[in-house]
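Asker:
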Amino acid sequence: MARDALRTALAATVLMLAGCSSSGPPGDLEPPDLFQWAQDRFDAEEYRRAAEGFLAFMVRDPLNPLVDSAQYLAAEGQLRAGNELDAVEEFRRMATNRPNSPLADDAQLGLCRAYLAASPRVTLSQEFTRRALEECQRLLQFFPTTPFREQAEGLMVDARAKLAEKSYEIGKYYQDRRRLAESAIVYFEKSLAEESTGEFLPDLLLRLYRSYRVVGYETEAGVIRGRLLSEFPDSEEARLLLADEDPAAADPAGDVESPR
Numbered sequence: 041m042a043r044d045a046l047r048t049a050l051a052a053t054v055l056m057l058a059g060c061s062s063s064g065p066p067g068d069l070e071p072p073d074l075f076q077w078a079q080d081r082f083d084a085e086e087y088r089r090a091a092e093g094f095l096a097f098m099v100r101d102p103l104n105p106l107v108d109s110a111q112y113l114a115a116e117g118q119l120r121a122g123n124e125l126d127a128v129e130e131f132r133r134m135a136t137n138r139p140n141s142p143l144a145d146d147a148q149l150g151l152c153r154a155y156l157a158a159s160p161r162v163t164l165s166q167e168f169t170r171r172a173l174e175e176c177q178r179l180l181q182f183f184p185t186t187p188f189r190e191q192a193e194g195l196m197v198d199a200r201a202k203l204a205e206k207s208y209e210i211g212k213y214y215q216d217r218r219r220l221a222e223s224a225i226v227y228f229e230k231s232l233a234e235e236s237t238g239e240f241l242p243d244l245l246l247r248l249y250r251s252y253r254v255v256g257y258e259t260e261a262g263v264i265r266g267r268l269l270s271e272f273p274d275s276e277e278a279r280l281l282l283a284d285e286d287p288a289a290a291d292p293a294g295d296v297e298s299p300r
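Start counting the sequence shown at 41; every next residue gets the next number (our numbering).
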């Protein structure tokens with residue numbers, strides 16, 4: 041009983057604060073009107089206010105059939121308002137607590153989208169990028185017939201591309217600044233494993249080829265050599281590779297550049 045009383049008091053506090061706020065949802069609306077108020081804010085692209093309204097609706101009428109929709113729209117509103125981590129929490133709450141909801145796969149896709157939106161530039165930690173990839177994989181695992189498969193696969197391509205670029209940049213660091221070929225190889229191989237397709241791929245192949253040669257991995261170097269020359273035959277990186285093997289093949293001025 042004491043716990044129920046505490047929950048009631050907390051809910052009343054939430055509603056009172058919402059009602060006192062000039063920007064929050066009105067505190068005197070009945071649940072159907074409150075849902076419509078939040079929907080109107082969402083349609084007007086006032087996403088932060090919409091999210092507040094949907095969450096207040098859930099507190100006010102937790103057994104309403106529209107709760108699933110309110111939960112999802114609250115999460116979507118947070119995401120569109122730029123509050124990616126708040127969106128993650130709302131999408132996760134729905135995906136976890138309402139796995140049988142018709143909107144469960146929407147929420148799972150939302151988790152992937154929110155984590156990827158929160159992912160910073162490649163020079164920073166890519167933990168959110170990895171989580172985005174995991175959540176998209178979970179969507180395809182638990183909802184194999186989801187209509188969002190193509191969208192999820194596209195997000196996975198984007199996430200892998202970012203992880204590949206991060207590994208490439210770390211490999212460059214070990215190769216250029218630390219002169220540690222073995223460590224560079226680890227990250228260059230990791231980048232390739234993410235199915236790199238970025239503009240840096242020719243440079244990645246050249247760098248990996250050179251690192252293999254440094255440590256004496258001639259078989260592996262030969263494989264990468266073949267890939268670079270077959271996939272990017274007219275690239276500057278292909279010219280540099282051939283110049284490595286035969287300096288006389290460099291341009292007459294001897295201006296052989298180092299990789300980026």
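Each residue gets a CB set at the ideal place from its N, CA and C atoms; glycine is no exception. All figures in this text were calculated on a predicted structure; none of them were measured in a lab.
Going by alpha carbons, who is nearest to residue 69 out of 98, 83, 84?
Answerer: Taking the sequence shown and counting its residues from 1, one reaches residue 69 at position 29. Out of 98, 83, 84, 98 has the C-alpha closest to the C-alpha of residue 69.
Asker: Spatial neighbours of residue 201 within its chain, please: CB distance less than 7 Å, with the 5 preceding and 5 following residues excluded, ordered by chain position.
Answerer: Position 161 of the sequence shown, counted from the first residue, corresponds to residue 201. 237, 238, listed in sequence order.
Asker: Distance, Cα to Cα, residue 258 vs residue 169?
Answerer: Residue numbering aside, residue 258 sits at position 218 when the sequence shown is read from its first letter. Residue numbering aside, residue 169 sits at position 129 when the sequence shown is read from its first letter. Their Cα atoms are separated by approximately 34 Å.
Asker: Which of helix, strand or coil does DSSP assign to residue 257?
Answerer: Translated into the one-based positions of the sequence shown, residue 257 becomes position 217. Correct three-state label for residue 257: coil.
Asker: Within a Cβ cutoff of 6 Å, which residues of the same chain sit near residue 221, ignoring the five residues on either side of it in sequence?
Answerer: Here residue 221 is taken as the residue at index 181 of the sequence shown, counted from 1. Within the same chain, residue 221 has close Cβ partners 251, 254, 255.
Asker: Cα separation between residue 244 and residue 223?
Answerer: Your numbering for residue 244 matches position 204 in the sequence shown. Your numbering for residue 223 matches position 183 in the sequence shown. Computed Cα separation, rounded: 14 Å.
Asker: Taking the CB atoms as reference points, tell me whether residue 156 and residue 199 lie closer together than 7 Å.
Answerer: On the sequence shown, position 116 is the one that residue 156 refers to. On the sequence shown, position 159 is the one that residue 199 refers to. Contact: yes.
Asker: So, is residue 140 buried or exposed, given that buried needs 16 or more other C-beta atoms within 10 angstroms?
Answerer: Looking up residue 140 in the sequence shown gives position 100. Exposed, since its Cβ has fewer than 16 Cβ neighbours within 10 Å.
Asker: Just tell me which of 217, 242, 205 has its CA closest to the CA of residue 230.
Answerer: As a first step, residue 230 is located in the sequence shown; it is residue number 190 there, counting from the start. Nearest C-alpha to residue 230: 205.
Asker: Can you tell me which of 175, 165, 166 puts its alpha carbon nearest to the alpha carbon of residue 146?
Answerer: Numbered from its first residue, the sequence shown carries residue 146 at position 106. Per the Cα distances, 175.
Asker: Would residue 107 be called buried (16 or more neighbouring beta carbons within 10 Å of its own) or exposed?
Answerer: Along the sequence shown, one-based indexing puts residue 107 at 67. It is buried - the Cβ of residue 107 has at least 16 other Cβ atoms within 10 Å.
Asker: Cβ of residue 241 within 7 Å of Cβ of residue 277?
Answerer: Working through the sequence shown from its first residue, we reach residue 241 at position 201. Working through the sequence shown from its first residue, we reach residue 277 at position 237. Taking 7 Å as the Cβ cut-off, residue 241 and residue 277 do not qualify as a contacting pair.
Asker: Use the C-beta contact count for residue 187: other C-beta atoms within 10 angstroms, 16 or more gives buried, fewer gives exposed.
Answerer: The residue labelled residue 187 in the question sits at position 147 within the sequence shown. Exposed, because fewer than 16 other Cβ atoms sit within 10 Å of the Cβ of residue 187.
Asker: Count the other CB atoms, across all protein chains shown, that sit within 10 Å of the CB of residue 190; report buried if there are 16 or more and exposed otherwise.
Answerer: Numbered from 1 along the sequence shown, position 150 holds the residue referred to as residue 190. Looking at its Cβ environment, which holds fewer than 16 other Cβ atoms inside 10 Å, residue 190 is exposed.
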